[in-house]
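Taking this note's numbering, the leading residue of the sequence shown gets 118, the next gets one more, and so forth. No residue lacks a Cβ here, since even glycine has one placed at the ideal position from N, Cα and C. First the structure, in the form of structure tokens, and then the observations on it.
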Amino acid sequence: MLFPLKILLVEDHPYSRELMVLWLEQHYEQVLSAADGLEALELLKAHPDIRIVLTDWMMPRLDGMELCRQARALDRDQYLHILVFTARTQREDLLTALQAGADAFVHKPVDLAELQAQMTVARRIIDLQEQARQKMEALLEARRKLELDLEAAGRVQRSMLPQEPPAIPGVRFAWAFESSGLVGGDMFGVLDLGGGRIGTYVMDVCGTGAHAALLAVGIGWVLRPAGLLTTASDAGIIPTPPDEVARCLNRRFPVMSRSEQYFSLLYGILDARSGQLTAIRAGQPPPIRLGGDGVHPLRIPLAPPLGVLPDGDLEIQPAVHVLRPGEKVFFYSDGLLRVLGRDGLPAPVSELVRFLEPLRGLDLQSTVEALRTEVAEVRREGLEDDVVVVGFELESAQV
């Protein structure tokens with residue numbers, strides 16, 4: 118790839134300078150000349166597109182070596198190739214020139230064939246540098262466009278997250294969500310299923326970035342009352358049992374065989390009238406219950422992540438717990454355990470229990486804010502995974 122080269126010749130002898138300029142103009146499009154190093158520096162500052170400098174060693178005011186040093190100190194976007202004319206042949210002199218910033222030498226008296234060969238080498242190096250620069254610019258532009266696409270995808274993903282809790286008497290909600298990037302694989306939902314029943318889920322697609330986010334959005338789209346979460350029956354629209362929701366997702370998204378992905382799910386239905394919570398977990402850590410008797414993980418049988426096993430091989434059992442007024446339950450992603458962990462390893466669930474124990478006296482929102490603060494401390498150094506926390510508190514129940 119050839120493009121016009123701007124060349125600067127620095128030679129204090131007027132006759133030699135004139136002859137050299139005439140020769141250079143026969144081969145190159147743009148040639149500037151200077152009588153000494155000081156004049157050359159001014160031209161370098163005024164013409165940042167100069168790519169090659171041909172300079173004599175011995176000159177008044179500022180010699181070739183000092184010109185090399187000061188030229189290298191200039192703030193330039195492009196590399197400057199410097200050829201030095203010299204009659205010196207001693208090894209020490211040539212090392213001095215290289216250390217000052219020279220790239221190569223042309224011996225005096227100047228042999229035009231040697232000069233042409235050195236200029237060809239310089240041209241080849243500059244062309245390679247220009248190709249690398251243009252490729253880098255193309256990569257940066259592609260990255261910029263990708264980031265714009267990811268930002269748009271992130272806005273779509275965030276638009277699917279709950280904005281306001283459902284207005285269900287007797288239940289209070291609070292949540293926190295922190296993404297490790299512009300898009301991520303974690304989703305959650307708090308959904309009114311009718312009849313005083315609320316569906317709450319935390320879902321985590323393995324991995325991060327666009328692939329995980331696309332799958333998360335697809336799964337989130339069907340985890341709606343108009344999707345898998347309710348079923349039409351003779352009695353009207355009723356909530357789909359959590360274990361059946363998991364089986365339906367496993368059938369609909371057999372992603373391990375297609376893209377080597379899988380996803381975990383914690384899903385529960387809370388009946389605000391009775392305080393009954395029916396929940397399943399597939400590959401997710403257990404919810405935490407805060408009550409008068411302490412802080413405990415809820416016992417829910419652990420099933421494998423979804424999207425891995427054929428439907429007939431998936432065994433998933435729901436658990437039923439009855440909450441008392443004033444008790445809180447927290448669903449969360451494993452990213453929260455990573456925040457509480459050390460040395461890049463997730464903490465055990467018992468560590469989260471210990472963290473929450475002193476917070477039992479706080480209201481629901483304050484407890485979630487305490488967890489959010491802990492996440493924010495880690496976020497300064499960079500989150501390794503998305504973090505979701507969804508809490509709900511039973512204010513009253515009529516059994």
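If you follow the beta strand (DSSP E) that GLY271 is part of, which residue opens it and which one closes it? Where GLY271 is concerned, there is no enclosing beta strand (DSSP E), although the alpha helix (DSSP H) it sits in stretches over 229-276.
At what residues does the beta strand (DSSP E) containing GLY429 begin and finish? Unbroken run through GLY429: none, as it is neither H nor E.
Where does VAL516 fall in DSSP's three states? Low local confidence applies: a pLDDT of 46 at VAL516 is under 50, so the model's placement there is unreliable, and no value is given.
Over what stretch of residues does the alpha helix (DSSP H) that includes GLY181 continue unbroken? Here the alpha helix (DSSP H) through GLY181 covers 181-189.
Locate the alpha helix (DSSP H) running through ASP451, then write down its first and last residues. 451-457
Should GLU258 go down as buried or exposed, given a rule of 16 or more other Cβ atoms within 10 Å for buried? exposed
In chain order, which continuous runs of the alpha helix (DSSP H) of length 4 or greater are located wholly inside the segment 295-322? Secondary structure remark: continuous alpha helix (DSSP H) runs of at least 4 residues inside the segment 295-322: none found.
Nonlocal neighbours in the same chain, by C-beta distance under 8 Å from LEU479, ignoring five residues either side: ALA487
Can you have a look at VAL516 and say buried or exposed, based on whether 16 or more other CB atoms are within 10 angstroms of its CB? Per-residue confidence for VAL516 stands at a pLDDT of 46, beneath the threshold of 50, marking its modelled position as unreliable; no derived number is given.
Suppose contacts are defined by Cβ-Cβ distances below 8 Å. Is ASP360 in contact with ILE433 by that definition? yes
Does the segment 300-312 come close enough to the segment 503-510 to have 3 or more Cβ pairs within less than 8 Å? yes
Going by the CB atoms, is the gap between LEU423 and PHE472 shorter than 8 Å? Between PHE472 and LEU423, the CB-CB gap reaches or exceeds 8 Å.
GLY337 versus THR317 - alpha carbon distance: 12 Å
Is ASP194 buried or exposed, if buried means 16 or more other CB atoms sit within 10 Å of its CB? exposed
8 Å CB neighbourhood of VAL227 in its chain, flanking five on each side removed: Here the set comprises MET137, PHE202.
Nearest-angstrom Cα distance between ILE169 and MET253? Distance between the alpha carbons of ILE169 and MET253 is about 22 Å.
Using 8 Å as the threshold, is the segment 341-355 in touch with the segment 397-406, meaning 3 or more CB pairs across them? Touching, no, given that fewer than three Cβ pairs across the two stretches are closer than 8 Å.
Limits of the beta strand (DSSP E) - the one that PRO414 falls within: Annotation for PRO414: the continuous beta strand (DSSP E) segment containing it runs 411-414.
Spatial distance of LYS123 from GLU209 (CA atoms): Note on geometry: alpha-carbon atoms of LYS123 and GLU209 lie some 31 Å from one another.
C-beta atoms of ASP502 and GLY452 nearer than 8 Å: In this structure, ASP502 sits near GLY452, with a CB-CB distance shorter than 8 Å.
Considering just the uninterrupted stretch of the alpha helix (DSSP H) at ARG368, what are its terminal residues? 359-369
Output the distance between the C-alpha atoms of LEU278 and PRO342, rounded to the nearest integer angstrom. 14 Å
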